[in-house]
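In what follows, a single structure is set out as structure tokens and then discussed.
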Amino acid sequence: MVRHRFRNTVVCAALLALGLGTVQGVASASPPPGTSRGPATVTAIEDGTARSLAASLSDPAWQTRIEEAALASDGVGLGDLARKASSPAGKDFRSVVADADRDIAAAKGLGAEAGPLLRLRLADESMRKALEAGAEPLVAAAPADDSATTVTAYDSAGRTHTLDAHRLPERPVYVVGVDAERAVTAGMAVLREELARHGLSTTGPADSVSTASDGFWTSRITSVRLSDDEEPWIKGDAEIFSLVTGFGPDGKVRVDPVDMPYLDEDGRTYQPNQILVNWSYYKYNLADVVMMEEDTSTNYRSLAKALAGALLTIIDMGAYVPLVNAVLDAMPDDWWTDDPDYVDSWYTLARNSTGSFRGARGNGTMTLEPYWVSAF
């Protein structure tokens, strides 16, 4: 069964520590204080918005507009719907979703430039027929806990309905959640900004250490697959990004985020031919890869600060030092409870690594090849 994630965003954190000498143990660090993700905050905002939207559906004209939008696409922005609404209920809902968008952006460490984040979708394609036949829909937000056995949904009369998280309900359900692709795009910008501010990265893809004049070597992903995993029906598609890290030519740890928007389903093989790492950014020639999954409530600014606090304590001793433990130590404690944020790890990859590499936990497989990027 393909894993669907609407609230969750899969994060592939590729942490590449490049080395030429012998391995000198494993770097480790403790997370700095104040590393927060605010899961209750984002979950509460989504749930409150779902409840408000359900109540607004007592307006027939607004309910019809929502239904048309849900049937027309896989997901639609709630803010856009509210701004274009002509019905009283739709107009009243504008301030609700505007406040919710602003609060979620703040909770995730994103600025106003992230734009509207909340969106709506029909929970499952099989619900279309009942919705078109006039069945009254429920509205829900995905629970924060991936292992939750129930889902709380609301109807237009304000009543609460408890649904089985692993059995499709008979009534159609609208799911309110964060636009994962938009959030990850904005999150990448925040990560680059914060990491650069701490001296761990650069704000753009090109910098003074980027390449030789004739080109540079990279590791290119020719295929990638995550294990098939059974998930509740309320989850939607995922988003992936990578954090590429290692020692820069100056001997300091650096981190370079790479967005991977195509990798949104488990159990499916993707062939992106995407560059994962630009080896000219780094001093050494070995790599660690940590694949992570973050949910909607991740605060990107706090994540960058946590990584900086952990990685800046690591000193280049002239030999390869795996950074996996240091990165995992920097993660907030609640990343290791409820949500399966840590997916897999790959150790000691090199510039000439070729072929398929299965992660240490057996949850993911990547096929890599060296790829030379020529200068113009």
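Mind the numbering: the sequence shown is residues -29 to -1, 1 to 347 in mature numbering (1 follows the signal peptide of the UniProt record, and there is no 0), read in order.
Every residue gets a Cβ at the ideal spot worked out from N, C-alpha and C, and that includes glycine.
Note that the structure is predicted; figures quoted are calculated from it, not measured.
Item, Value
"Run of the alpha helix (DSSP H) containing Pro59, from where it starts to where it stops", "59 to 78"
"Contact the stretch 47 to 60 vs the stretch 89 to 101: 3+ CB pairs below 8 Å", "yes"
"Close-in-space but distant-in-sequence residues of the same chain around Asn334 (CB under 6 Å, 5 per side omitted)", "Ser198, Val314, Asp315"
"Rounded straight-line distance, which links the Cα of Trp204 to that of Lys189", "In the sequence as displayed, the identity of residue 189 is Thr instead of Lys. Rounded to whole angstroms, Thr189 to Trp204 spans 39 Å at the Cα level."
"Three-state secondary structure (DSSP) of Tyr241", "strand"
"Extent of the continuous alpha helix (DSSP H) run through Gly50", "49 to 54"
"Start and end residues, alpha helix (DSSP H) containing Glu96", "Glu96 -> no alpha helix (DSSP H), and no H or E assigned at all."
"According to DSSP, residues forming a beta bridge with Pro341", "Ser190"
"Cβ pair Val260, Ala281 closer than 8 Å", "no"
"Which listed residue (Ser324, Phe187, Gln245) has its alpha carbon closest to that of Phe347", "Phe187"
"For Arg329: DSSP bridge partner residues", "Thr336"
"Length of the line joining the Cα atoms of Val226 and Pro243", "22 Å"
"Residue nearest to Lys223 in terms of C-alpha spacing, selected from Thr240, Leu283, Glu164", "Leu283"
"Exposure label - Pro143; buried when at least 16 CB within 10 Å", "buried"
"Cβ shell of Pro228 (< 8 Å), same chain only, five flanking positions each side left out", "Met159, Leu162, Arg163, Leu166, Ser172, Phe212, Ser213, Leu214, Val215"
"Helix, strand or coil at Trp204 according to DSSP, with G and I counted as helix", "coil"
"Assigned secondary structure, Ile16 (DSSP; H/G/I helix, E/B strand, else coil)", "helix"
"In DSSP terms, what Leu134 is bridged to", "Val122"
"Integer Cβ distance of Trp33 from Ser58, believed to fall under 8 Å", "4 Å"
"Among Ala154, Thr120, Pro220, Arg73, the one whose alpha carbon lies nearest that of Glu210", "Ala154"
"Simplified DSSP state of Arg92, which is helix, strand or coil", "strand"
"Supposed close pair Val122, Leu134 - CB separation, criterion 8 Å", "4 Å"
"Nearest residue (CA-CA) to Arg99, options Arg239, Glu39, Arg168, Gly82", "Glu39"
"Thr308 versus Ala136: straight-line alpha-carbon distance, rounded", "Here Thr308 scores only 46 on pLDDT, less than 50, and its place in the model is too uncertain to base an answer on."
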